[in-house]
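Asks:
Residue numbers (our numbering): 832 to 1209.
1) Evaluate residue 1139 with the Cβ neighbour count: other Cβ atoms within 10 Å of its Cβ, from every protein chain shown; 16 or more gives buried, anything less gives exposed.
2) Do you know how far the Cα of residue 1012 is from the Cα of residue 1171?
3) Give a yes or no on whether the C-beta atoms belonging to residue 1066 and residue 1132 are separated by under 8 Å.
4) Please report the Cβ distance between residue 1026 and residue 1111, rounded to the nearest whole angstrom; I am assuming they are in contact, meaning their Cβ atoms lie under 8 Å.
5) Measure from the alpha carbon of residue 1020 to the alpha carbon of each residue in 854, 1187, 837, 835, then state which is nearest.
6) What's the C-alpha gap between residue 1108 and residue 1181?
7) State the CB to CB distance for the pair residue 1159 and residue 1102, rounded to an integer number of angstroms; the pair is presumed to be in contact (CB under 8 Å).
8) For residue 1063, which residues does DSSP report across the bridge?
9) Given this structure, state the Cα-to-Cα distance separating residue 953 from residue 836, to the nearest angstrom.
10) If I follow the unbroken alpha helix (DSSP H) through residue 899, where does it start and stop?
11) Between the segment 915–925 and the segment 884–904, are three or more C-beta pairs nearer than 8 Å?
12) For a minimum of 3 consecutive residues, which ranges assigned as the beta strand (DSSP E) are wholly contained in the segment 1172–1204?
13) How far does the beta strand (DSSP E) with residue 1254 in it extend, from its first residue to its last?
14) Whose C-beta lies closer than 8 Å to the C-beta of residue 982 among residues of the same chain, with five residues either side of it excluded?
15) When you compare only the Cα positions, how much space is there between residue 1015 and residue 1077?
16) Along the alpha helix (DSSP H) that carries residue 936, what are the first and last residues, could you check?
17) Verify whether the separation of the beta carbon atoms of residue 850 and residue 844 is less than 8 Å.
18) List the residues that DSSP assigns as beta-bridge partners of residue 917.
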């Protein structure tokens, strides 16, 4: 019965035009638009060092940590991040008003950043200062009139940091890859529509098949599991098709960790299916309403994860980090960023674990809800 229902569910899914569009066609169409919009962005835009100012105060001049950190970040070379002007506060305000700098730093025992607007340069500046502040205590322990240790520790912390400092200063930041990573994450979550459709087929209040299932001797768990497996296989086919299209047609380079990228996409697809299962079992409404809920969650999650602008992800992480901690789209994109930008896999495996926990909780809730459902009136 399991294999029979698996084949039946697979055929139903592959014959549903709406499901095929969202699973196979829409990601490819969107990927094509991304390619048309961003194909020349890497050639037309190169990272320029950010102009900033630092207000010379006695506290700053006495603080070896800040002085050496900014000296490293403004040193000529491939990793140069800032062009720094050391001025008084009045001059710094004048430079900012004339838009000659992106912002300035005042250090009087604690750091204060002054900016005129929000943008990528301002975000990078704030990220750098935040990283130095977080590293303050660690570096302070090393100060024993040995500046070589300070330089060494600054470099170690910046290289191992979860911030975007190294990404940008090493000229590795790719707006195009950010969009493709977001596309993969969004496509994974669209698999929830497939799971929702299969679950609805086995609910007595949603379909005629569900009515028959509710009175049949076959275990509902067998039917549900075989149907969800069919939807997962369908989703995997869609994701693999997207990878093949972006790699061989759009010439997207996913780096040396393509296997780990695909693994994350498979785990992300499972998270999408768990979301669809949860919506199908918890929401008492028709297919259209449930589909709209899944699409809305996916699009809002993609927006908060930076699909419409990477600055949004930083804003959310800074002001409401809990949102992206529970946002599956952000978990997927964050894992992909870590493969592209960071030298270790710690963050990658943390995101994998987070996705599995997210999926497990939704599957558990869905299973409990399905066991509790009874239809005495049907």
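For every residue, glycine included, the Cβ atom is placed at its ideal position computed from N, Cα and C.
Replies: Let me lay it out:
1) Here residue 1139 refers to the residue found at position 308 when the chain shown is read from its first residue. With fewer than 16 Cβ atoms within 10 Å of its Cβ, residue 1139 is classed as exposed.
2) Along the chain shown, one-based indexing puts residue 1171 at 340. Along the chain shown, one-based indexing puts residue 1012 at 181. Each residue's alpha carbon lies about 10 Å from the other.
3) On the chain shown, position 235 is the one that residue 1066 refers to. On the chain shown, position 301 is the one that residue 1132 refers to. No, the Cβ-Cβ distance between residue 1066 and residue 1132 is not below 8 Å.
4) Counting from 1 along the chain shown, the entry for residue 1026 is found at position 195. Counting from 1 along the chain shown, the entry for residue 1111 is found at position 280. Rounded, the Cβ-Cβ distance is 7 Å, consistent with contact.
5) For this step, residue 1020 is matched to residue 189 along the chain shown. That would be 854, whose Cα lies nearest to the Cα of residue 1020.
6) Reading the chain shown from its first residue, position 277 is the one you call residue 1108. Reading the chain shown from its first residue, position 350 is the one you call residue 1181. Rounded to whole angstroms, residue 1108 to residue 1181 spans 24 Å at the Cα level.
7) On the chain shown, residue 1159 is found 328 positions in, with the first residue counted as 1. On the chain shown, residue 1102 is found 271 positions in, with the first residue counted as 1. Yes, they are in contact, since the Cβ atoms of residue 1159 and residue 1102 sit about 5 Å apart, within 8 Å.
8) Translated into the one-based positions of the chain shown, residue 1063 becomes position 232. For residue 1063, which the question treats as bridged, DSSP gives no partner whatsoever.
9) As a first step, residue 953 must be located in the chain shown, where it is residue number 122. As a first step, residue 836 must be located in the chain shown, where it is residue number 5. If you draw a straight line from the Cα of residue 953 to the Cα of residue 836, it comes to about 55 Å.
10) Position 68 of the chain shown holds residue 899. 895–904 is the extent of the alpha helix (DSSP H) around residue 899.
11) yes
12) none
13) Nothing in the structure corresponds to residue 1254, since the chain is present only between 832 and 1209.
14) Stepping through the chain shown from its first residue, residue 982 is reached at position 151. At residue 982, the pLDDT of 46 sits below 50, so the modelled position is not reliable and the matter cannot be decided from this model.
15) Numbered from 1 along the chain shown, position 184 holds the residue referred to as residue 1015. Numbered from 1 along the chain shown, position 246 holds the residue referred to as residue 1077. C-alpha separation (whole angstroms): 10 Å.
16) Along the chain shown, one-based indexing puts residue 936 at 105. Run containing residue 936: none in the alpha helix (DSSP H); it sits in the beta strand (DSSP E), 934–938.
17) By 1-based counting over the chain shown, the position of residue 850 is 19. By 1-based counting over the chain shown, the position of residue 844 is 13. Result yes, Cβ atoms of residue 850 and residue 844 sit closer than 8 Å.
18) Indexing the chain shown from 1 puts residue 917 at position 86. Bridge partners of residue 917: 885.
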